[in-house]
Structures are given as structure tokens and as C-alpha cells.
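A.B. asks:
Have a look at this one:
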């Protein structure tokens with residue numbers, strides 16, 4: 389029978405403190421402040437104790453105490469999540485992984501890297517770089533995001549088109565269950581057909597089914613030749629034609645394809661001193677495309693130049709620039725990487741992380757743009773994102789003559805308009821940011837009763853007391 393969750397008693401807190409020692413917990417308001425609000429300032433939480441275990445065994449011991457006392461616990465990685473899944477809202481124990489941050493091993497023959505959950509994503513990339521390998525998962529928050537949180541949310545990023553989401557880059561996991569037991573699944577196997585693939589249950593579960601403490605991830609050959617280009621396109625339909633042409637000509641050498649609207653480039657140029665206008669005049673729709681190969685430098689550029697010539701002849705591409713160097717490529721990527729951040733300087737922003745079949749992107753953008761502009765005249769749509777995998781960040785900046793609070797108060801109404809269109813086209817209301825609390829209630833509208841029932845059954849089976857990240861996802 390499910391126990392009633394309780395607020396932690398002083399005795400429970402003392403038991404947890406004794407597990408991690410004086411360096412492993414904190415009630416310092418200054419330290420807590422960094423963990424109790426997410427970076428967009430949308431969700432604020434509270435905790436009875438910030439606990440910082442240094443080993444998986446300490447995590448397991450903490451969870452055992454929580455299980456015995458029906459005390460809820462919230463795991464938090466680098467606190468870069470955008471849907472509130474990492475925030476404790478009801479004084480739960482807050483589990484921080486900053487001390488679980490070791491690179492455990494690197495195997496260049498098996499092409500794997502084993503890391504603890506608190507390793508920052510950039511550190512994993514650097515460790516791969518040192519042995520002439522690539523860990524391809526790349527996010528704007530990679531300097532802060534931790535691998536445990538990245539896997540728990542099945543993060544996407546800029547290279548999903550070629551390498552897949554976080555889920556595709558994991559071979560094994562170590563997980564602490566809701567009963568405080570350690571499942572050691574740290575295997576570097578690419579084939580293991582011995583029953584349920586347990587790791588996939590925990591990836592993307594946002595810490596509601598178990599707590600990831602370590603992972604074995606894939607490494608890949610390091611690209612030696614990278615060509616980056618920014619092209620102006622006739623319209624969104626032309627962007628999709630250009631994508632098809634690029635993949636037909638280059639196959640999986642296409643590593644990233646990012647849609648960027650003119651208004652997005654204008655925002656970045658306006659608010660980022662180092663940003664430069666790529667060509668003049670700016671076009672309404674643009675695509676940043678990157679090609680990469682493990683072959684030696686100089687082999688790709690002729691192929692890309694021929695591709696762009698064909699696209700120009702067919703009328704897909706109206707203008708374009710190919711980066712001549714690494715710094716020039718970084719300048720082009722700056723226009724995409726800073727796009728989400730700079731919207732805050734334009735007032736209130738309503739953000740929708742959605743996906744639709746690639747073939748439906750143009751239809752979605754047309755229908756959604758017409759719907760939101762009819763609802764809020766003067767609204768400034770800033771849709772951008774990973775068109776190669778159908779993931780569009782359909783963000784809306786407030787009208788220049790509208791009060792910010794009044795605009796943000798339309799959040800639920802506008803989300804319903806956007807999400808109804810997304811689902812009608814066979815899409816998802818969350819492509820890469822997860823569910824957390826932001827979309828927990830929304831999925832009840834868009835998922836079938838059967839799907840929700842299976843999710844709840846899985847949650848109850850693995851966490852019958854509901855102590856792991858309560859109130860999130862389901």
C-alpha cells in the first residue's frame with residue numbers, strides 16, 4: 389500500500405547528514421538560492437536539505453532513508469532544465485550531483501566513455517577530444533548541464549540529425565532505484581538481447597523512476613573536416629527541399645541543419661556586440677547547415693560548393709556564405725546559439741518546444757503563425773530550430789506596444805492554440821525539453837488514456853510510494 393509522503397523530520401535529516409558527512413549537505417541560503425530557481429526565473433522552489441553525495445553508495449543510502457520514511461526527494465543536475473522538472477516545490481530533499489563528477493574510464497578500442505552523473509557535458513566532450521574522439525551531444529547549456537540530467541531528460545541539441553538524441557548515445561547506466569538499491573548496468577555492449585532494455589526506461593524519465601548515477605556513452609571518430617554555411621532561402625518549403633537535396637548528395641555527412649528567421653538574426657545582431665550580419669539584405673528564412681567527415685581537411689568543400697550551386701540553380705537558395713575558417717564558422721553559429729538568450733531583451737517571450745514530421749514543418753509554421761497573430765495582433769513569432777529532425781522552437785516575442793505581464797498572462801491560451809495544431813499534424817508538444825511541471829497537465833489532453841495508464845502503471849511499479857521527483861511528468 390502506498391505510504392503517505394511526509395515532510396522530513398529532524399531525525400530523518402540527521403540520518404541523511406550522517407551519510408554524507410559535513411561536506412555533503414548544506415542549508416546555506418546563498419548556496420541554496422542557486423538550486424531553487426531555474427534560469428528563466430519561472431519556477432521557484434524550497435527544500436529542507438540540499439544533499440551532495442560523493443558516491444553512488446551514498447545516493448543509495450539516502451534514498452533508502454527516504455523510502456523508509458516516505459520522504460520525497462528531487463534529483464537535480466546542472467539546473468539547466470526548462471520545464472521545472474529539477475525544482476523542489478514542496479520542501480523535498482534536493483539531491484545535487486556536483487561531487488559525483490568523475491570520468492571513470494575511456495576505451496578507445498570499444499569507443500566508450502564511462503562517467504559519473506555529475507560530469508558537466510563539456511567535460512565529457514573535452515575528455516573525448518583528448519583521445520581524438522567525439523562525444524557529439526551538444527547543447528547551448530553544455531558548460532553547465534550535467535550528464536545525469538542530460539540523460540534523464542533525453543536532451544537533443546544541434547547534432548540530433550546525424551547522431552540522435554541522448555538516448556542513442558548511451559550503452560549502459562548505473563541507477564539507484566526508489567528502494568535505494570543500485571542497479572549496475574554499466575556495460576559497454578552494443579548488443580545485449582537478454583530481455584528488457586532497462587536503461588531506456590530511465591532515460592527521459594526525469595528522475596521519476598530511478599536516479600541515474602553513472603553512464604557508459606558512445607564515442608565516435610573525431611571530424612577532421614567541417615564545412616559550415618549559412619544560406620538564405622526562398623521560403624520554408626525551400627528549406628525542406630534544400631534539406632532533401634543536401635541529404636541526397638551528402639548522406640550522413642550532414643550533421644546539423646538549423647532554421648533561423650530574419651527576426652532572429654536581427655535580435656542577435658541588436659543585442660550581441662560580436663555578432664555580424666552575414667549578408668545584405670537579410671532574407672526572411674535562412675538555414676545554417678554543417679557538414680563533417682573524419683576524412684582529412686579539404687575533402688568536403690568542393691562537394692558543398694557543388695551542392696550550393698545546384699540549389700541556386702533550382703531556386704531554393706537565394707544567397708549564402710561558406711565559412712572560410714573556424715572563427716568564421718563560430719560567427720555563423722553565434723547567430724543560432726545566442727538566439728534563445730537574446731529574446732529576453734525584447735520583452736516577454738512565450739516558448740513552445742514542439743516537433744512535427746519534417747514534411748509538416750511548413751504547414752505547421754503557416755497555421756501556427758496565422759493562429760497566434762490572429763489571437764495577439766502585433767505578436768512577433770521567432771520560430772527556429774532543428775528542421776532536420778522536425779524540432780521547432782516556436783517562440784513568440786511580445787508586441788512592442790503591449791504590456792509584458794498582459795502578454796505573459798496569455799501563455800495557456802496561446803499554448804493551447806499551438807499544441808492543438810501540433811497534435812493535428814502528428815507532432816509532439818515537447819521535442820527535447822521534457823515534461824516536468826510545465827507540461828504535466830497538458831499531456832493529459834494530448835496523450836491517449838491507454839498511454840497515460842501505462843505510464844502511471846510503470847511509475848507505480850518502480851516507485852510505489854511516489855517519492856522520486858513527485859508531481860513531475862505524471
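Numbering (our numbering), first residue to last: 389 to 862.
Where a beta carbon is used, it is the ideal one built from N, C-alpha and C, also for glycine.
Output needed for residue 572: all residues of its chain with C-beta closer than 6 Å, excluding positions within five of it in sequence on either side, in chain order.
C.D. replies: As a position in the chain shown, residue 572 is number 184, starting the count at 1. Hits under 6 Å: 562.
A.B. asks: Rounded to whole angstroms, how far is the Cβ of residue 634 from the Cβ of residue 624, which I believe are closer than 8 Å?
C.D. replies: Against the chain shown, residue 634 aligns to sequence position 246. Against the chain shown, residue 624 aligns to sequence position 236. About 15 Å; that fails the 8 Å criterion.
A.B. asks: What separation, rounded to the nearest whole angstrom, lies between the Cα atoms of residue 704 and residue 621?
C.D. replies: Here residue 704 is taken as the residue at index 316 of the chain shown, counted from 1. Here residue 621 is taken as the residue at index 233 of the chain shown, counted from 1. Distance between the alpha carbons of residue 704 and residue 621: 6 Å.
A.B. asks: Regarding residue 606 and the ligand GTP, is the C-beta to nearest heavy atom distance less than 6 Å?
C.D. replies: As far as ligands go, the structure on display features none, and thus does not contain the ligand GTP.
A.B. asks: Do you know whose CA, among 629, 645 and 454, lies nearest residue 567's CA?
C.D. replies: Mapped onto the chain shown, residue 567 falls at position 179. The shortest C-alpha separation from residue 567 is found at 454.
A.B. asks: DSSP beta-bridge partners for residue 437?
C.D. replies: Translated into positions along the chain shown, residue 437 becomes position 49. Answer is 481, bridged to residue 437.
A.B. asks: Give a yes or no on whether the C-beta atoms belonging to residue 531 and residue 822 are separated by under 7 Å.
C.D. replies: The sequence position of residue 531 within the chain shown is 143, counting from 1. The sequence position of residue 822 within the chain shown is 434, counting from 1. In this structure, residue 822 does not lie closer than 7 Å to residue 531 by Cβ.
A.B. asks: Apart from the five residues on each side of it in sequence, which residues of its chain come closer than 8 Å, Cβ to Cβ, to residue 675?
C.D. replies: Along the chain shown, one-based indexing puts residue 675 at 287. Same-chain partners within the cutoff: 618, 619, 621, 627, 630, 631, 645, 646, 647, 648 and 775.
A.B. asks: What's the gap between the Cα of residue 738 and the Cα of residue 687?
C.D. replies: Residue 738 sits at position 350 when you count from the first residue of the chain shown. Residue 687 sits at position 299 when you count from the first residue of the chain shown. Looking at the two C-alpha atoms, the distance is approximately 43 Å.
A.B. asks: Do the CB positions of residue 770 and residue 783 come within less than 7 Å of each other?
C.D. replies: Position 382 of the chain shown, counted from the first residue, corresponds to residue 770. Position 395 of the chain shown, counted from the first residue, corresponds to residue 783. Yes, Cβ-Cβ distance for residue 770 and residue 783 is below 7 Å.
A.B. asks: Take residue 743 and list the residues in its own chain whose beta-carbon comes closer than 6 Å to its own, dropping the five residues that flank it on each side.
C.D. replies: Stepping through the chain shown from its first residue, residue 743 is reached at position 355. Once the five neighbours on either side are set aside, the close Cβ partners of residue 743 are 778, 779, 815, 816 and 819.
A.B. asks: Which of helix, strand or coil does DSSP assign to residue 402?
C.D. replies: Position 14 of the chain shown, counted from the first residue, corresponds to residue 402. DSSP places residue 402 in helix when its eight states are reduced to three.
A.B. asks: The alpha helix (DSSP H) spanning residue 719 covers which residue range?
C.D. replies: Taking the first residue of the chain shown as 1, we reach residue 719 at position 331. Looking at the DSSP string, the run of the alpha helix (DSSP H) that includes residue 719 is 714-725.
A.B. asks: Tell me which residues share the same chain as residue 750 and place their Cβ nearer than 7 Å to its Cβ, disregarding the 5 neighbours each side in the sequence.
C.D. replies: Start at 1 with the first residue of the chain shown, and residue 750 comes out as number 362. Excluding positions up to five away in sequence, the list reads 624, 625 and 628.
A.B. asks: Sort out for me which residues DSSP pairs residue 772 with in a bridge.
C.D. replies: For this step, residue 772 is matched to residue 384 along the chain shown. Answer is 781, bridged to residue 772.
A.B. asks: Note down the Cα distance separating residue 658 from residue 546, rounded to an integer number of angstroms.
C.D. replies: One-based indexing of the chain shown puts residue 658 at position 270. One-based indexing of the chain shown puts residue 546 at position 158. Their backbone Cα atoms lie some 23 Å apart in a straight line.
A.B. asks: If we count the other Cβ atoms within 10 Å of its Cβ and call it buried at 16 or more, is residue 732 buried or exposed?
C.D. replies: On the chain shown, residue 732 is found 344 positions in, with the first residue counted as 1. With fewer than 16 other Cβ atoms within 10 Å, it is exposed.
A.B. asks: How should residue 522 be labelled, buried or exposed, when 16 other C-beta atoms within 10 angstroms of its C-beta is the threshold for buried?
C.D. replies: The residue given as residue 522 occupies position 134 in the chain shown. With 16 or more other Cβ atoms within 10 Å, it is buried.
A.B. asks: Within a Cβ cutoff of 6 Å, which residues of the same chain sit near residue 660, ignoring the five residues on either side of it in sequence?
C.D. replies: The residue labelled residue 660 in the question sits at position 272 within the chain shown. Cβ neighbours of residue 660 beyond the five flanking positions: 726.
A.B. asks: In or out: residue 587 buried (at least 16 other Cβ within 10 Å) or exposed?
C.D. replies: The sequence position of residue 587 within the chain shown is 199, counting from 1. With 16 or more Cβ atoms within 10 Å of its Cβ, residue 587 is classed as buried.
A.B. asks: Run through DSSP, which three-state label would residue 423 get?
C.D. replies: Along the chain shown, one-based indexing puts residue 423 at 35. Three-state DSSP puts residue 423 in coil, outside helix and strand.
A.B. asks: On the CB-based measure, 16 or more other CB atoms within 10 Å of its CB, does residue 400 come out buried or exposed?
C.D. replies: Taking the chain shown and counting its residues from 1, one reaches residue 400 at position 12. Classification for residue 400: buried.
A.B. asks: Helix, strand or coil: which one does DSSP assign to residue 804?
C.D. replies: Here residue 804 is taken as the residue at index 416 of the chain shown, counted from 1. It is helical.
A.B. asks: Among 505, 599 and 723, which residue has its Cα nearest to the Cα of residue 773?
C.D. replies: Position 385 of the chain shown holds residue 773. It is 723.
A.B. asks: Below 8 Å on the Cβ atoms is my guess for residue 650 versus residue 678; work out the distance and round it to an integer in Å.
C.D. replies: The count along the chain shown starts at 1 and reaches residue 650 at position 262. The count along the chain shown starts at 1 and reaches residue 678 at position 290. That pair is no contact at about 20 Å.
A.B. asks: Measure the CB-CB distance between residue 835 and residue 862 and report whether it falls below 7 Å.
C.D. replies: The count along the chain shown starts at 1 and reaches residue 835 at position 447. The count along the chain shown starts at 1 and reaches residue 862 at position 474. Contact: no.
A.B. asks: Should residue 468 and residue 533 be called a contact, given that it needs their Cβ atoms to be closer than 7 Å?
C.D. replies: As a position in the chain shown, residue 468 is number 80, starting the count at 1. As a position in the chain shown, residue 533 is number 145, starting the count at 1. It is a contact, given that the beta carbons lie within the stated cut-off.
A.B. asks: For residue 435 versus residue 856, is the C-beta distance shorter than 7 Å?
C.D. replies: Locating residue 435 in the chain shown gives position 47, counting from the first residue. Locating residue 856 in the chain shown gives position 468, counting from the first residue. Against a cut-off of 7 Å, the Cβ pair of residue 856 and residue 435 comes out as no contact.
A.B. asks: Take residue 544 as the anchor and find which of 458, 527 and 536 has the nearest alpha-carbon.
C.D. replies: Reading the chain shown from its first residue, position 156 is the one you call residue 544. Checked all of 458, 527 and 536; the closest Cα to residue 544 is 527.
A.B. asks: Could you give the distance in angstroms between the alpha-carbon of residue 764 and the alpha-carbon of residue 440?
C.D. replies: One-based indexing of the chain shown puts residue 764 at position 376. One-based indexing of the chain shown puts residue 440 at position 52. Whole-angstrom Cα-Cα distance: 46 Å.
A.B. asks: Short check: CB of residue 599 to CB of residue 558, under 7 Å?
C.D. replies: One-based indexing of the chain shown puts residue 599 at position 211. One-based indexing of the chain shown puts residue 558 at position 170. Going by C-beta atoms, residue 599 is not nearer than 7 Å to residue 558.
A.B. asks: Taking 7 Å as the threshold (C-beta atoms), are residue 492 and residue 538 in contact?
C.D. replies: Against the chain shown, residue 538 aligns to sequence position 150. Against the chain shown, residue 492 aligns to sequence position 104. No.
A.B. asks: How many angstroms separate the CA atom of residue 576 from the CA atom of residue 556?
C.D. replies: Here residue 576 refers to the residue found at position 188 when the chain shown is read from its first residue. Here residue 556 refers to the residue found at position 168 when the chain shown is read from its first residue. Roughly 13 Å separates the two Cα atoms.
A.B. asks: Check for me: the alpha helix (DSSP H) holding residue 752 runs from which residue to which?
C.D. replies: As a working note, residue 752 is residue 364 in the chain shown. Unbroken alpha helix (DSSP H) run through residue 752: 749-763.
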